[in-house]
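Visitor: Questions regarding the structure given below will be posed in turn.
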Amino acid sequence: MEPVRSGTMNFNSVLIDIDVSSGLANSIERVDRQIEI
């Protein structure tokens, strides 16, 4: 797999908010972005 040098780059991830006292997830949010480089 080669990194994109120019054009559209897809960024896919999740953001998880965790309750420190219980260790459980409060929320899970999908974060998808397209970036022109």
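The sequence shown begins at 425 in my numbering and counts up by one.
Note that CB positions come from ideal geometry on N, CA and C, so glycine has one too.
1) On the three-state DSSP scale, how would you describe Glu426?
2) Taking the continuous beta strand (DSSP E) assigned at Ile452, which residues delimit it?
3) Can you list, in chain order, the residues of its chain with a C-beta nearer than 6 Å to that of Asp443? Leave out the 5 residues immediately preceding and following it.
4) Roughly how far, in whole angstroms, is the beta-carbon of Phe435 from the beta-carbon of Arg454, given that I think they are within contact range, below 8 Å?
Guide: With the structure as the only source:
1) As a first step, residue 426 is located in the sequence shown; it is residue number 2 there, counting from the start. Reduced to three states, the DSSP call for Glu426 is coil.
2) Stepping through the sequence shown from its first residue, residue 452 is reached at position 28. Per DSSP, Ile452 belongs to the beta strand (DSSP E) from Ala449 to Glu460.
3) Translated into positions along the sequence shown, residue 443 becomes position 19. Asn450.
4) In the sequence shown, counting from the first residue as 1, residue 435 sits at position 11. In the sequence shown, counting from the first residue as 1, residue 454 sits at position 30. That pair is no contact at about 11 Å.
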